[in-house]
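With numbering that gives the first Met the number 0, the residue at position 118 of the sequence shown is 117, and numbering never jumps. The beta-carbon is built from N, C-alpha and C at its ideal position, and this holds for glycine as well. Since we're looking at a predicted model, the values are computed, not measured. The structure appears right after this line, and notes come after that.
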Amino acid sequence: MRGILGHMEDAGFGQVLGLGHDLVDLKEFGRQLAMPGTRMTGLFSARERRQAEQRALLKHDDMAAHLAVRWAGKESVLKAWSQALGPEPSPYGLDDFPWSGVEVLDDGRGRPSVHLESNVEARLYDSMTLTGGQFDRVQLCWHIALSHDGPVASAVVLLCRCVWN
Numbered sequence: 000m001r002g003i004l005g006h007m008e009d010a011g012f013g014q015v016l017g018l019g020h021d022l023v024d025l026k027e028f029g030r031q032l033a034m035p036g037t038r039m040t041g042l043f044s045a046r047e048r049r050q051a052e053q054r055a056l057l058k059h060d061d062m063a064a065h066l067a068v069r070w071a072g073k074e075s076v077l078k079a080w081s082q083a084l085g086p087e088p089s090p091y092g093l094d095d096f097p098w099s100g101v102e103v104l105d106d107g108r109g110r111p112s113v114h115l116e117s118n119v120e121a122r123l124y125d126s127m128t129l130t131g132g133q134f135d136r137v138q139l140c141w142h143i144a145l146s147h148d149g150p151v152a153s154a155v156v157l158l159c160r161c162v163w164n
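In C-alpha cells:
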C-alpha cells in the first residue's frame, strides 16, 4: 500500500491484525475519577498519571481529560488485541485486563504510543498465531491516535504484524 510518505510497510504498518476504537464521556469519567474511594487512578501507571498532570498544567485544563483519553487508548488496545485473535478466546476480559500494565504515553514531541509491561507483552505474543516466515523477524507493533474535544475523548488503535528486513 502506498501512502503520502511512501510505502506503508516503510512506516512500520505491515499487516493490520486488529483495530480498536473507543469514546469516553469526559464529564462521566471525571465524576468517576473524583468519587471517594475510587480505584480508577490505580488503572493508570505512575508515568501515565505524571504525564496527564504535566499536560493539564501545560494546557491549563483538568487532568481528568488527559487520563480519559489514555483510558480510551487502553480500551482500544484491548479491542484491537481481541479482534486480532479472531475466533480464538481472548486471554483477558474487562475484569482481569492488566490496565496499569498497558501504558499510553507521549514521547518528547507529544506523539502517543502504547507500551506493554513485559508479562503483558509475553501474553500478547503467546496469544497470537504468528505463522509464515521466520519467527525471529516478526514483530507486533501498535499505532495509536488520541483526541479529546468538547465532551468526549477518543482513541483509535491498530495492532500490526511487522516483518523487518
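Contact set for residue i: own chain, Cβ-Cβ below 6 Å, skip 5 residues either direction
{"i": "Asp-21", "result": "Ala-71, Glu-74, Ser-75 and Ala-154"}
{"i": "Val-23", "result": "Ala-67, Trp-70, Ala-71 and Ala-152"}
{"i": "Ala-144", "result": "Val-155"}
{"i": "Ser-81", "result": "Ser-89"}
{"i": "Pro-97", "result": "Val-119"}
{"i": "Gly-100", "result": "Glu-116 and Val-119"}
{"i": "Glu-52", "result": "Met-62"}
{"i": "Glu-47", "result": "Arg-69 and Glu-102"}
Top-ranked residue by Cα proximity to residue i, from the options
{"i": "Leu-77", "options": "Gln-138, Arg-122 and Met-62", "result": "Arg-122"}
{"i": "Asp-125", "options": "Ser-112, Ala-83 and Leu-32", "result": "Ala-83"}
{"i": "Asp-94", "options": "Glu-52, Gly-17, Leu-42 and Gly-29", "result": "Leu-42"}
{"i": "Leu-16", "options": "Leu-139, Arg-30, Tyr-91 and Thr-37", "result": "Leu-139"}
{"i": "Asp-60", "options": "His-147, Gly-19 and Gly-100", "result": "His-147"}
{"i": "Leu-104", "options": "Thr-128, Leu-32 and Ala-45", "result": "Ala-45"}
{"i": "Pro-86", "options": "Leu-115, Leu-56, Gly-36 and Met-127", "result": "Met-127"}
{"i": "His-114", "options": "Leu-158, Gln-53 and Thr-40", "result": "Leu-158"}
{"i": "Arg-108", "options": "Arg-54, Leu-18, Phe-28 and Gly-13", "result": "Arg-54"}
{"i": "Leu-18", "options": "Ala-79, Leu-57, Gln-31 and Arg-110", "result": "Ala-79"}
Reduced DSSP secondary structure (H/G/I, E/B, other) of residue i
{"i": "His-114", "result": "strand"}
{"i": "Asp-95", "result": "coil"}
{"i": "Glu-87", "result": "coil"}
{"i": "Asp-106", "result": "coil"}
{"i": "Gly-132", "result": "Confidence in Gly-132 is poor, its pLDDT being 48 and thus under 50, which makes the residue's placement too unreliable to answer from."}
Beta-ladder partner(s) of residue i, from DSSP
{"i": "Ala-154", "result": "Asp-21 and Leu-145"}
{"i": "Leu-139", "result": "Arg-160"}
{"i": "Val-101", "result": "Leu-115"}
8 Å CB neighbourhood of residue i in its chain, flanking five on each side removed
{"i": "Pro-150", "result": "Asp-24, Leu-25 and Lys-26"}
{"i": "Gln-133", "result": "In this prediction, Gln-133 has a pLDDT of 47, which is less than 50 and means its spatial position is unreliable; what the coordinates show is noted afterwards. Within the same chain, Gln-133 has no close Cβ partners at all."}
{"i": "Ser-112", "result": "Val-103, Leu-104, Asp-105, Asp-106, Trp-141 and Ile-143"}
{"i": "Pro-33", "result": "At residue 33 the sequence reads Ala, which differs from the Pro that was named. Once the five neighbours on either side are set aside, the close Cβ partners of Ala-33 are Ala-63."}
Cβ neighbours of residue i in the same chain (closer than 7 Å, five flanking residues each side left out)
{"i": "Phe-28", "result": "Ala-63, Ala-67 and Trp-70"}
{"i": "His-50", "result": "A small correction: the amino acid at residue 50 is Gln; His does not occupy that position in the sequence shown. Result list for Gln-50: Leu-104 and Asp-105, in chain order."}
* To do: Report the residue ranges of all beta strand (DSSP E) runs contained in full by the segment 13 to 77; include only those spanning at least 3 residues, in chain order.
  => Correct list: 14 to 24.
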